[in-house]
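Numbers given in this note's numbering equal positions in the sequence shown, counted from 1, plus 6.
The beta-carbon is built from N, C-alpha and C at its ideal position, and this holds for glycine as well.
Accompanying notes for the structure given below.
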Amino acid sequence: MASAQPARGARTDGAWTADRLRSAVQDFVSAHDPATTDPVEFLGALFDAGLAWVHFPPGHGGLGAPRALQSVVDDELTAAGAPPRAPGLHTIGLGMAAPVLLTFGDEAQKKRFLRPLFTREEVWCQLFSEPGAGSDLAALATRAEPDEATGDWVVNGQKVWTSVAHEAHWGLLVARTGPELPKHQGLSYFLIDMRAPGVEVRPLRQATGEAEFNEVFLTDVRIPDTHRVGAVGDGWKVASGTLMNERVAIGAGAMPREGGLAGGLARLWRERPELRTPGLHSSVVRAWVDAEALRLTAERLRQQLAAGHPGPEGSAAKISFAGLNQRMSGLALDFLGEEGLGYDDWTFRRPEPDDDFSTRSYGFFYLRTKGNSIEGGTTEVLRNVIAERVLGLPPEPRTDKTIPWKDLPR
Numbered sequence: 007m008a009s010a011q012p013a014r015g016a017r018t019d020g021a022w023t024a025d026r027l028r029s030a031v032q033d034f035v036s037a038h039d040p041a042t043t044d045p046v047e048f049l050g051a052l053f054d055a056g057l058a059w060v061h062f063p064p065g066h067g068g069l070g071a072p073r074a075l076q077s078v079v080d081d082e083l084t085a086a087g088a089p090p091r092a093p094g095l096h097t098i099g100l101g102m103a104a105p106v107l108l109t110f111g112d113e114a115q116k117k118r119f120l121r122p123l124f125t126r127e128e129v130w131c132q133l134f135s136e137p138g139a140g141s142d143l144a145a146l147a148t149r150a151e152p153d154e155a156t157g158d159w160v161v162n163g164q165k166v167w168t169s170v171a172h173e174a175h176w177g178l179l180v181a182r183t184g185p186e187l188p189k190h191q192g193l194s195y196f197l198i199d200m201r202a203p204g205v206e207v208r209p210l211r212q213a214t215g216e217a218e219f220n221e222v223f224l225t226d227v228r229i230p231d232t233h234r235v236g237a238v239g240d241g242w243k244v245a246s247g248t249l250m251n252e253r254v255a256i257g258a259g260a261m262p263r264e265g266g267l268a269g270g271l272a273r274l275w276r277e278r279p280e281l282r283t284p285g286l287h288s289s290v291v292r293a294w295v296d297a298e299a300l301r302l303t304a305e306r307l308r309q310q311l312a313a314g315h316p317g318p319e320g321s322a323a324k325i326s327f328a329g330l331n332q333r334m335s336g337l338a339l340d341f342l343g344e345e346g347l348g349y350d351d352w353t354f355r356r357p358e359p360d361d362d363f364s365t366r367s368y369g370f371f372y373l374r375t376k377g378n379s380i381e382g383g384t385t386e387v388l389r390n391v392i393a394e395r396v397l398g399l400p401p402e403p404r405t406d407k408t409i410p411w412k413d414l415p416r
């Protein structure tokens with residue numbers, strides 16, 4: 007790996023300003039034309055120059071600059087035609103694995119994984135949910151047991167709803183290492199090689215007919231202790247940090263005005279005046295206003311994120327995103343009537359990461375958005391997160407928090 011070179015604009019006292027950083031990016035683009043440079047080589051050079059994530063430490067893709075200045079880099083790179091940061095396959099790696107490694111990983115893990123993650127040479131997935139542990143993730147049963155002879159961990163269990171597991175090189179895995187402890191205390195966090203012996207990935211077909219997700223079976227899979235993130239028993243803390251980043255990524259994604267389903271619903275209303283009714287007019291306007299309010303709230307959340315770490319506010323954004331998407335897809339079907347009952351294609355297939363979902367039927371969106379209130383944390387669980395961590399309300403009574411996991415009924 008090439009050593010990081012200080013980009014033009016660095017001040018001798020180590021401070022950065024927007025203007026100095028903008029000049030640094032312009033210098034970088036002059037030396038690495040995105041139109042003629044191989045994307046992997048371009049992204050690798052960007053990482054080595056400290057312009058991958060400016061708030062990361064030098065040597066790990068950053069400059070130690072304020073996180074808020076990342077938008078300066080992104081704007082300059084977009085204007086220069088640089089490759090997009092997080093295309094489909096790499097959303098989990100860039101949005102979840104990278105911040106987890108930054109916060110909880112050791113130096114060797116950062117050095118090994120951050121660069122190929124950013125250059126898209128390695129795809130990541132998330133192995134959290136299980137058949138008996140979805141909303142109550144801490145109840146998971148996948149076991150990781152130490153092998154005293156080798157120092158490895160031997161993992162057995164099953165995970166479900168795992169996006170891009172069939173393409174992934176690495177996975178973020180939470181497993182039980184202390185069954186004699188209460189469920190939240192007996193978990194540990196690992197980085198698992200998805201191509202290791204004993205890892206089996208099977209597609210899960212959804213109501214849409216497609217298989218975006220997978221179930222993963224783990225049979226005597228060996229993980230070296232060097233791929234454990236955090237201390238033994240700290241898995242819940244690391245997993246909570248991962249989930250906060252996931253919910254911010256889902257609920258606070260950048261979206262232009264009338265982006266996504268809001269734009270499609272607005273176009274339907276404008277282009278099909280013969281289908282309008284007074285009642286639908288009120289519903290469509292209310293949905294449009296709510297979509298705009300959510301877009302502005304998400305922008306504020308991203309600005310708050312730029313000043314620090316993700317907090318529980320991402321849960322509120324994710325709930326709003328899910329409910330609004332479901333409401334708008336239902337409104338579109340109400341608007342179209344019988345015409346909306348048609349379905350474009352129920353062929354069993356794995357969608358490609360770059361598929362253009364905007365061309366799909368509203369029947370597809372109606373079915374697909376049902377999953378929005380499950381993926382990334384169920385709406386019921388996130389309401390509890392908001393109640394307890396944002397509003398400061400008393401937690402729900404839970405009798406299972408202090409009982410050893412092995413003694414819980416299953």
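Whole-Å CB distance - residue i paired with residue j, under 8 Å assumed
| i | j | result |
| --- | --- | --- |
| T225 | G204 | 4 Å |
| A322 | I392 | 6 Å |
| L133 | K165 | 4 Å |
| V235 | F196 | 7 Å |
| M261 | A304 | 7 Å |
| E394 | P403 | Incorrect: roughly 12 Å between the Cβ atoms, too far for contact. |
| W159 | D112 | About 16 Å; that fails the 8 Å criterion. |
| F48 | P89 | 7 Å |
| G320 | L302 | Wrong, their Cβ atoms sit about 16 Å apart, outside the cutoff. |
| A21 | H38 | 25 Å between Cβ atoms; not a contact. |
Close-in-space but distant-in-sequence residues of the same chain around residue i (CB under 6 Å, 5 per side omitted)
| i | result |
| --- | --- |
| W167 | S135 and F219 |
| H190 | A144 and W242 |
| A202 | V227 |
| F53 | G67, R121 and F124 |
| P72 | none |
For residue i, three-class secondary structure by DSSP
| i | result |
| --- | --- |
| F62 | coil |
| E298 | helix |
| S379 | helix |
| T156 | coil |
| P105 | helix |
| A71 | coil |
| D4 | Absent from the model: residue 4. The displayed extent of the chain is 7 to 416, so no value can be given. |
| K412 | helix |
| T225 | strand |
| E186 | coil |
| Q164 | strand |
| R211 | coil |
| D80 | helix |
| W22 | coil |
| V205 | strand |
| V180 | strand |
| E136 | strand |
| L388 | helix |
| P400 | coil |
| Q309 | helix |
| V170 | coil |
| E264 | coil |
| S289 | helix |
| A88 | coil |
| A418 | One cannot answer for residue 418 here, as it falls past the ends of the chain, which runs 7 to 416. |
Same chain only: Cβ atoms within 8 Å of residue i, ignoring 5 sequence neighbours per side
| i | result |
| --- | --- |
| A147 | E136, G138, A139, G163, R182 and R416 |
| D19 | Here the model assigns D19 a pLDDT of 41, short of 50, so the residue's position is not dependable and the matter cannot be decided. |
| G46 | Just to set this straight, residue 46 is Val in the shown sequence, not Gly. Within the same chain, V46 has close Cβ partners T125, R126 and E127. |
| R208 | N220, E221, V222 and F223 |
| N390 | P401 and E402 |
Residue(s) in a DSSP beta bridge with residue i
| i | result |
| --- | --- |
| Y368 | Note: Y368 sits in no beta bridge, so no partner. |
| R276 | Paired residue(s): none; R276 is not in a bridge. |
| E216 | R355 |
| R234 | F196 |
| W130 | W176 |
| R149 | N162 and R182 |
Beta-carbon contacts of residue i that lie in its chain and below 7 Å, excluding the five residues immediately before and after
| i | result |
| --- | --- |
| P188 | K407, T408, I409, P410 and W411 |
| L83 | V31 |
| L274 | A338 and F341 |
| P357 | E216 and E218 |
| L267 | N331, M334, S335 and F371 |
| Q309 | none |
| T418 | Examination of residue 418 is not possible in this model, given that the chain is present from 7 through 416 alone. |
| L399 | A393 |
| F62 | G68 and L108 |
Contact with chain B by residue i, beta-carbon distance below 7 Å
| i | result |
| --- | --- |
| G94 | Structure shown: chain B not included; a single protein chain is present. |
Query raised in the report: Just checking, does the region 338-351 make contact with the region 231-249 on the three C-beta pairs under 8 Å criterion?
Result: No, because fewer than three Cβ pairs between the region 338-351 and the region 231-249 fall closer than 8 Å, the two stretches do not touch.
Query raised in the report: For the 8 Å Cβ check, are there 3 or more pairs between the region 377-387 and the region 322-331?
Result: The region 322-331 and the region 377-387 touch, with three or more beta-carbon pairs separated by less than 8 Å.
Report task. State whether the region 121-129 contacts the region 208-223, with contact taken as three or more CB pairs (one from each stretch) at a distance under 8 Å. Result -> With the cut-off at 8 Å, the region 121-129 and the region 208-223 do not touch.
Query raised in the report: Counting Cβ pairs, one atom from each stretch, are 3 or more of them under 8 Å apart for the region 148-159 and the region 108-126?
Result: Verdict: no, contact absent.
Query raised in the report: Quick check: the region 331-340 against the region 287-303, are there 3 or more CB pairs under 8 Å?
Result: The region 331-340 is in contact with the region 287-303.
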